[in-house]
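Sequential numbering of the sequence shown, starting at 1100, is according to this note's numbering.
Accompanying notes for the structure given below.
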Amino acid sequence: MVMQTVLIPLDYYRILGVPIKNTEKQLKQAYKDRSLQLPRREYSKMALESRKLLLDKAYSILANPDSRAKYEQDFLQLNYSEEDKIEAGSTEQKPYIPSIPVAPEELIGAIIFLQELGEYELVIRLGSKQLTELGYVAQTAQEQEEQQLISRRQDLILTVALAYKELSREEWQQQNYQNAVVAAEKARDLLQQAANFPALQKEITKDLNKLRPYYILELLAHPLEAASIRAKGIELLQQMLENRGGIAGKGNDGSALEINSFLDFLRDARKYLTLDEQEKLFTSEAQRPSPVANYILVYALIAKGFARKQPSAILAAQERLLGMSKYQDVYIERAICSLLLGQPQIASRTLEMSQEKEIIASIKENSAGQPDLLPGLCVYTENWLNTEVFSQFRDLQNFSSSLAEYFADHSVQDYLTQLTSKYQNSGRTSQGEFSQKPAFEHNNLTSRPSNKAMREKRANTPKAGKNYSTAVLERPASHNRVNRNKPNSSNLSSEEQFTGGIKAKTENNDSLGWLARGISLCIILALGYVIWNNLSKQPTSDSRVEQEVASQTSETPIAIDLSVPVVNLPKSNNSAQKLSQAEATAIIQSWLNSKSQAEGAEHKIEQLNKILAQPLLARKRQAAINLKNSQSYREFQHDIKVELVQQAANNPNLAVVRARVKEIAKHYYKGKLVPGQSYNDLLLVEYQLIRQNDKWLINEIKLVKSL
């Protein structure tokens, strides 16, 4: 076996771990410490001897005054640069690089030292090259050399795998999750091919499982055009659900996420899934059965039915809600479905059964002076859809529509006419507490495709940069959660109780911007009463409960003049309030101040809740938590100039602000400044704003370009 001496970008000071200027005492202590610091036990005896051989050589040269003087003279003439390291065996040796000649028997020891020094990429390059060369040597090796070759190969595989593993963890720490997974998978694959080191394989598999939630979110955050990448993210999410045995299953997926943390992760994942993706995923999950998946599916069906003018989907949602009523107070949702299906009396009766006092009070206030709660329900429904439901789907986050558009659509009107006819022919009403089965097969109804002119805006694609993270291990603020379980909810599972808190309810309905659409809502009510007048002649039932909930009797035709408002709706001050440049500047400045406090030395992470909305809040909270856990903090200086303020024409509660931001950041680790991670940037940034409860919040930030 013939192997040549090679140059390795290493020096004797680094091998011993001492500064260039050191005392004899320091040198002896460093040698002793290094001798005791043995690598992993999986290394062969030959590898340990190789490491000791090189360590002894380094000590003997630096401990001898003459050899040290000569070595230092050569070393100090070099302009040492980490970035100019050469690959072992390179014929193009660059000047000013401290390297040492390494004999074949010292080579694995030198690579182990590089591994210990954190030179992972260099270890991978050197180790991979040596593995290739060993393959050629093995072809001509004598029989007595085989054991040495096998041992050396196993040591190299172990060292390269460890380098990939540590490189993966570095990328993980920097929130580059895809890079972290790629490195860990390379380590795992290398070990599996070698069919050795099972303990290390187990460690790497454990890392991959813990990385999986972060990796999934990074894959899903890719542009919608990156279909194959996002499909992989969905596949991994399905695998997690399967491993766990469902959303609230007791299976072990290796992520170490307990039920509440997993539910937080699932909320974040939904922000990156489209309507169709969520419908497909949670239709499957709901079959386990799963109350959480069933409720999420209801959201998807209602969003689909309204946004795409497909009331058949709303009917499917209504049927699912019937089965949920025994566990949860979902009467508001059922009333909304009845409203959208042209069933006014059922909607009104169902609404009265709800225990959501604040919501009912708001609906009553907006129905003041009217014979029923339908006007207020119309107002609430439109706002609920536009601000709470659509925001849960990536392709609908900037979508906005009105009840007027929905009821004016011919395909909707045709479907509702057929729906009424089906009820009349079956002699049944559409809902009742007595049964969860539909009175007819809604798939038999025909629904024409949606109007091609239907307005559907795609949300700006979220991007996963190196600072991307999510609230997987830290639950986001739950101030908007409302427990909607029935009185005996304490006996329910965590998953069943969670269904009562999936949706956020508007806390201050008095200041909602959608009240400004008075004229549109009057048209809605006019259209609604006209349609309902045609649809309301539904037969009554002998069932006492059905009569209570969904009794439909013939109504006296209502004469409505479309030029006269049916209901005088109050106008909101929000509609007249346009977002000014000064207000936009104040909002951005508030965000930068909150960022400075959250990432500062005191780590006031709760400040982010004051200015950020989901999904951005979850990501920024976790980034700040990661910074704190790494014993780091940042000091910022900011200067901003707002260049553009644009409010959505069809939804005054949405806005985009574009600004030049100068950000000077000083990064500290354990109280010491780290210049390499500090920066001075001038950026053009786009902020997406949403008005919630009469307050503007930032729900997405995009870097347009560096200036």
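Glycine residues also receive a C-beta, built at the ideal position from the N, C-alpha and C atoms.
Along the beta strand (DSSP E) that carries residue i, what are the first and last residues, could you check?
i               : result
leucine 1106    : 1105 to 1107
isoleucine 1199 : 1199 to 1201
Could you spell out the range, first to last residue, of the alpha helix (DSSP H) harbouring residue i?
i               : result
glutamine 1745  : First-last for glutamine 1745: 1731 to 1746, but that is the beta strand (DSSP E), not the alpha helix (DSSP H).
lysine 1794     : From DSSP, lysine 1794 is part of no alpha helix (DSSP H) but of the beta strand (DSSP E) over 1794 to 1805.
alanine 1723    : 1715 to 1728
glutamate 1506  : In the sequence as presented, glutamate is not what sits at residue 1506; that position holds phenylalanine. Here the alpha helix (DSSP H) through phenylalanine 1506 covers 1502 to 1507.
leucine 1414    : 1410 to 1423
isoleucine 1333 : 1326 to 1343
glutamine 1688  : 1680 to 1697
glycine 1404    : 1390 to 1406
proline 1711    : A quick correction: the sequence has leucine, not proline, at residue 1711. Element bounds for leucine 1711: n/a, residue is neither H nor E.
methionine 1452 : First-last for methionine 1452: undefined, no H or E at that position.
leucine 1472    : Premise fails: leucine 1472 is in no alpha helix (DSSP H) and is neither H nor E.
serine 1159     : 1144 to 1162
leucine 1126    : 1123 to 1135
arginine 1113   : 1111 to 1115
Who are residue i's beta bridge partners in DSSP?
i               : result
asparagine 1779 : Ile1763
glutamine 1791  : Lys1794
valine 1773     : Answer is none; valine 1773 lacks a bridge partner.
arginine 1433   : Arginine 1433 pairs with nothing; no bridge assigned.
leucine 1440    : BP columns for leucine 1440 are empty, so no partner.
glutamate 1785  : Arg1757, Lys1801
cysteine 1276   : The residue you asked about is not cysteine; residue 1276 is tyrosine in the sequence shown. Answer is none; tyrosine 1276 lacks a bridge partner.
tyrosine 1768   : Ser1731, Lys1771
Whose C-beta lies closer than 7 Å to the C-beta of residue i among residues of the same chain, with five residues either side of it excluded?
i                  : result
leucine 1472       : Ser1447, Leu1450, Ile1462, Lys1463, Ser1466
phenylalanine 1597 : Caution applies to phenylalanine 1597, whose pLDDT of 48 falls short of 50 and renders its modelled position unreliable; the value that the coordinates give is listed next. Closer than 7 Å at Cβ, skipping near neighbours: Leu1362, Val1391.
glutamate 1785     : Val1755, Arg1757, Lys1801, Val1803
proline 1200       : Thr1104, Leu1106
leucine 1152       : Glu1204, Glu1205, Gly1208
alanine 1282       : Tyr1263, Leu1266, Ser1267, Glu1270
proline 1312       : Ser1354, Leu1356, Phe1364, Val1571
lysine 1403        : Leu1374, Glu1378, Gln1409, Ala1412
serine 1250        : Ser1143, Met1145
lysine 1677        : Gln1746
Got a sec? Which residues, its chain only, sit under 6 Å from residue i by beta carbon, not counting five neighbours each side?
i                  : result
glutamine 1417     : Cys1436
glutamate 1799     : Leu1715, Gln1787
alanine 1146       : Ile1207, Asp1254
glutamate 1595     : Only weak support is given to the placement of glutamate 1595: the predicted model assigns it a pLDDT of 45, under 50, and the question is left unresolved by the model.
arginine 1808      : What is shown of the chain runs 1100 to 1806, which leaves residue 1808 out entirely.
phenylalanine 1381 : Ala1392, Ile1395, Leu1396
serine 1499        : Asn1485, Asn1749, Asn1750
alanine 1260       : Ala1286, Leu1289, Leu1290
tyrosine 1314      : Tyr1276, Val1280
glutamate 1455     : Ile1431
alanine 1683       : Val1741, Val1744, Val1756
leucine 1811       : With the chain running from 1100 to 1806 in the structure shown, residue 1811 is simply not present.
arginine 1343      : Gly1350, Asp1352
isoleucine 1328    : Leu1318, His1321
Near residue i, which residues of its chain fall below 8 Å by C-beta distance, leaving aside the five closest residues on each side in sequence?
i              : result
serine 1453    : Asp1428, Tyr1430, Ile1431, Ala1434, Ile1459
aspartate 1132 : Gly1116
tyrosine 1767  : Ala1700, Ser1731, Tyr1732, Arg1733, Glu1734, Val1773
glutamate 1302 : Lys1264
serine 1549    : Interpretation of serine 1549 is limited by its pLDDT of 34, a score under 50 that renders its predicted location unreliable; no figure is taken from the coordinates.
Quiz item: Are the region 1261 to 1269 and the region 1155 to 1168 touching, with three or more C-beta to C-beta distances below 8 Å?
Solution: No, they do not touch.
Exercise. Report yes or no: do the region 1696 to 1706 and the region 1773 to 1781 share at least 3 C-beta pairs separated by less than 8 Å?
Key: The region 1696 to 1706 makes no contact with the region 1773 to 1781; the number of CB pairs closer than 8 Å stays below 3.
Practice problem: Let me know the alpha helix (DSSP H) ranges lying completely inside the region 1348 to 1384, each 4 residues or longer, listed in chain order. | Solution: The region 1348 to 1384 contains these whole alpha helix (DSSP H) runs: 1358 to 1369.
Quiz item: Quick check: the region 1740 to 1755 against the region 1392 to 1400, are there 3 or more CB pairs under 8 Å?
Solution: Verdict: no, contact absent.
Exercise. Specify whether the region 1494 to 1513 and the region 1418 to 1427 touch according to this definition: at least 3 beta carbon pairs, one from each stretch, less than 8 Å apart.
Key: The count of Cβ pairs closer than 8 Å, one atom from the region 1494 to 1513 and one from the region 1418 to 1427, stays below three, leaving the stretches out of contact.
Exercise. Check whether the region 1719 to 1737 touches the region 1757 to 1772, counting contact only when three or more Cβ pairs, one atom from each stretch, lie closer than 8 Å.
Key: Yes, since at least three Cβ pairs between the region 1719 to 1737 and the region 1757 to 1772 fall closer than 8 Å, the two stretches touch.
Self-check item: Stretch pair the region 1369 to 1386 + the region 1492 to 1503: three plus CB contacts closer than 8 Å
Solution: They touch, by the three-pair rule.
Exercise. Please go through the region 1269 to 1321 and give each complete alpha helix (DSSP H) segment of 4 or more residues, from N-terminal end onward.
Key: Whole alpha helix (DSSP H) segments, 4+ residues: 1276 to 1293, 1297 to 1319.
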